[in-house]
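There are 2 protein chains.
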Amino acid sequence: MTDPLSLTFSALADPTRRAILARLAQGQASVGELAAPYDMSLAAVSKHIKVLENAGLISREKDAQYRYCKLQAGPLQDLDGWVGAYRELWRDNLDQLDVYLADMQRGDDTNKQ
Amino acid sequence: MTDPLSLTFSALADPTRRAILARLAQGQASVGELAAPYDMSLAAVSKHIKVLENAGLISREKDAQYRYCKLQAGPLQDLDGWVGAYRELWRDNLDQLDVYLADMQRGDDTNKQ
DNA sequence: CAAGTTATTAACTTAATGGTTGAATAGCAT
DNA sequence: ATGCTATTCAACCATTAAGTTAATAACTTG
């Protein structure tokens, strides 16, 4: 699970981390500011932030004893690209075509991999 | 981590499971067919499939001793909606605005929460 | 310098994840 | 009925993850 996309998905698979991202979408914030809303130790939030940073979803800028976190869109763009490949699945009732292809597949094995 | 979105992200945070989804995007397949490409026990793939099913990303239809898996778009649509909320971040160089807002915030505290 | 603030690190606990092997279940075919 | 095929379940192991508290580091200010 070392690939970037897995890292991104994994980082986002936690409501606290997604909430932190949402907060950062409206501007940078220090670790303490980010931690304030949560009933959780500062160390725990610090860990969450590190997970986000390791996934490239945020960057940090040091200013005195504060570390200001800033959202980085790159991984989200990649994620958008990934889900984009599936977007056609729910457009134009492609479900019907899906079933058709599946039947073909079972019948003649052409698409087997 | 019981909310649906976390479940979806978590299920997708594994390359094998994403590959299984990609395979299913071109039509339904049995567990054995899905397992074939992987150097992994069938039981392991079976577990992966169960994770995808629990996340609602696939459904299963029983036919004789085969379980045919089929991709379900719902959770992917939700995910698309989630990432969509961030799409503006990388359009129109909104980064500049981001920095501006951040400076405002540190200066006058107006946006603190 | 001493004291307070901010954040990270270390050590630990508990629970979840991803894999294994082997047995069990269910359906099909001889 | 017997055996083959397909799939799951159970028990187990190793690793990772999420949280805790306590200690440490880095900086500011009186």
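Just so you know, the sequences run in chain order Y and C. Reading the first sequence from the start, the letters are residues 1 to 113 in full-length UniProt numbering. Reading the second sequence from the start, the letters are residues 1 to 113 in full-length UniProt numbering. The C-beta atom is built at its ideal place from N, Cα and C for all residues, glycine as well.
Checklist entry - At a Cβ threshold of 7 Å, is Q72(C) touching chain Y? => result Counting from 1 along the second sequence, the entry for residue 72(C) is found at position 72. Not an interface residue.
Checklist entry - Using the beta-carbon of each residue, which ones in chain Y are nearer than 8 Å to S59(C)? => result Along the second sequence, one-based indexing puts residue 59(C) at 59. Within chain Y, no residue comes near S59(C); the closest Cβ sits about 12 Å away, beyond 8 Å.
Checklist entry - Is it buried or exposed for D14(Y), if we count other Cβ within 10 angstroms and need 16 for buried? => result Numbered from 1 along the first sequence, position 14 holds the residue referred to as residue 14(Y). Buried is the call here.
Checklist entry - Does any C-beta atom of chain Y lie closer than 7 Å to the C-beta of S10(C)? => result Here residue 10(C) is taken as the residue at index 10 of the second sequence, counted from 1. Under the Cβ distance rule, S10(C) counts among the residues neighbouring chain Y, one pair being separated by less than 7 Å.
Next on the checklist: Run through chain C and tell me which residues come within less than 8 Å of P15(Y), C-beta to C-beta.
Outcome noted: Counting from one through the first sequence, the residue named residue 15(Y) turns up at place 15. Chain C residues near P15(Y): M1, D3, L5, S6.
Checklist entry - By DSSP, does A10(C) sit in helix, in strand, or in coil? => result For the purposes of this step, residue 10(C) is taken as the residue at position 10 of the second sequence. Note on residue identity: the sequence assigns Ser, not Ala, to residue 10(C). Reduced to three states, the DSSP call for S10(C) is helix.
Checklist entry - Cα separation between L79(Y) and V45(Y)? => result Here the question's residue 79(Y) lines up with position 79 in the first sequence. Here the question's residue 45(Y) lines up with position 45 in the first sequence. Cα to Cα, the separation comes out at about 24 Å.
Checklist entry - Alpha carbon to alpha carbon, how far is T8(C) from Y86(Y)? => result If you number the second sequence from 1, residue 8(C) lands on position 8. If you number the first sequence from 1, residue 86(Y) lands on position 86. T8(C) and Y86(Y): Cα-Cα distance of roughly 14 Å.
Checklist entry - Quick one: what does DSSP say S46(C) is sitting in, helix, strand or coil? => result What you label residue 46(C) is simply residue 46 of the second sequence in a count that begins at 1. DSSP places S46(C) in helix when its eight states are reduced to three.
Next on the checklist: Spatial neighbours of T16(C) within its chain, please: C-beta separation below 6 Å, excluding the five flanking residues on both sides.
Outcome noted: Along the second sequence, read from residue 1 onward, the residue named residue 16(C) stands at position 16. The answer, listed in chain order, is H48.
Next on the checklist: I need the boundaries of the beta strand (DSSP E) containing E88(C), first residue and last residue.
Outcome noted: Locating residue 88(C) in the second sequence gives position 88, where the first residue counts as 1. Unbroken run through E88(C): none, as it is neither H nor E.
Checklist entry - Are the CB atoms of R18(C) and L24(C) nearer to each other than 7 Å? => result Taking the first residue of the second sequence as 1, we reach residue 18(C) at position 18. Taking the first residue of the second sequence as 1, we reach residue 24(C) at position 24. It is not a contact, given that the beta carbons lie outside the stated cut-off.
Checklist entry - Which term fits A43(C), buried or exposed, when burial requires 16 or more other beta carbons within 10 angstroms of its beta carbon? => result Within the second sequence, residue 43(C) is the residue found at index 43, counting from 1. The residue is exposed, with fewer than 16 neighbouring Cβ atoms inside 10 Å.
Next on the checklist: Quick check on S10(C): buried or exposed, where buried means 16 or more other Cβ atoms within 10 Å of its Cβ?
Outcome noted: For this step, residue 10(C) is matched to residue 10 along the second sequence. Under this definition S10(C) is a buried residue.
Checklist entry - Going by DSSP, what residues sit across from A29(C) in a beta bridge? => result Numbered from 1 along the second sequence, position 29 holds the residue referred to as residue 29(C). DSSP lists C69(C) as the beta-bridge partner residues of A29(C).
Checklist entry - Where do the N-terminal and C-terminal ends of the beta strand (DSSP E) with D63(Y) fall, by residue? => result Here the question's residue 63(Y) lines up with position 63 in the first sequence. Its beta strand (DSSP E) spans residues 58-63.
Item to check | Candidates Q72(Y), S41(Y), N54(Y), Y66(Y): closest to A22(Y) by CA position | outcome: Within the first sequence, numbered from 1, the residue matching residue 22(Y) stands at position 22. Residue Q72(Y) is the option with its Cα nearest to A22(Y).
Next on the checklist: Is it buried or exposed, T2(Y), if we count other Cβ atoms within 10 angstroms and call 16 or more buried?
Outcome noted: Here the question's residue 2(Y) lines up with position 2 in the first sequence. Under this definition T2(Y) is an exposed residue.
Checklist entry - Can you list the residues of chain C that A25(Y) reaches, using a CB-CB cut of under 7 Å? => result In the first sequence, residue 25(Y) corresponds to position 25, counting from 1. Under the 7 Å cutoff, chain C gives Y86, L89.
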